[in-house]
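Note that the sequence shown covers residues 6 to 194 in the numbering used here. Here the structure comes first, spelled out in structure tokens, and everything after it is commentary.
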Amino acid sequence: MPLQIAQDAHADQVLTENPFALLAGMMLDQQFPMERAFAGPAKVLDRFGTLDPAAIADADPEAFAELCATPPAIHRYGRSMAGRLQALARIVVNEYDGDASRIWTEASTGEALMKRLTALPGFGEQKAKIFTALLAKQLDVKPRGWTTVVGDYGRKGFRSVADVVDAESLAKVRAFKKEQKKAARQAGA
């Protein structure tokens, strides 16, 4: 089933067909609307001509930063995310022979997958849990023990990008996140 995270046919097709795009979209998903973050890889593809990790890693940093920051930018912090995207591409090239999918297809356990993901730039524990849940729920990548490492993100419901399959589920995830933030503010008050 094609992914529908970006809510844009072209961007979602890029995410569905290109593992590096999906990984990059997840990396960009911070301090920026989820669907716009996941549309970022399609913008890079359209402007740069490829999402080949080796080409991205080897691109001139200043020119690549300019490409990523040009409106509409790939992220609200387009220049800094360009550097992070190049760092991610270097790791994919150096450690996974340019094949981002090897990060998850060769991880035999959920714990191993989490370790691989948290070693990537821009992937903290929370983001690694969410991406692991996304892989399991939407791509049927379920290494042994994945439900244990992702915690609540593995449950049914609308908690994160892992649960976004259409515009309605995106709205439900947004509402859930809004409630979580409200509860956190009230708990801290």
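Every residue, glycine too, gets a C-beta built ideally from N, C-alpha and C. Quick caveat, the model's predicted, so the values are computed rather than measured.
| Asked | Found |
| --- | --- |
| Spatial neighbours of A94 in its chain, beta-carbon cut-off 6 angstroms, leaving aside the 5 residues before and after | P58, I61 and A62 |
| Sequence-distant residues of its chain with Cβ nearer than 8 angstroms to S106 (five each side left out) | P24 |
| Cα-Cα separation between F128 and P66, rounded to whole angstroms | 21 angstroms |
| Any non-hydrogen atom of the ligand SAH within 7 angstroms of W151 CB | By its list of ligands, the structure shown contains no ligand whatsoever, and the ligand SAH lies outside what it can speak to. |
| The segment 175-193 contacting the segment 131-149, beta-carbon criterion three pairs below 8 angstroms | no |
| Sheet register partners of A114 (DSSP bridge) | The amino acid at residue 114 is misidentified as Ala; the sequence shows Thr. DSSP lists R149 as partners of T114. |
| Rounded separation between Q143 and M6 - CA only | 8 angstroms |
| Alpha-carbon spacing of L27 relative to L20, whole angstroms | 5 angstroms |
| Residue range of the unbroken alpha helix (DSSP H) whose run includes R160 | Segment: none, R160 is in no alpha helix (DSSP H) and carries neither H nor E. |
| Inter-residue Cα distance where the pair is R121 and I108 | 7 angstroms |
| Coil, strand or helix - Q35 by DSSP | coil |
| Best match in P126, V169, M86 and A117 for proximity to L139 [C-alpha to C-alpha] | V169 |
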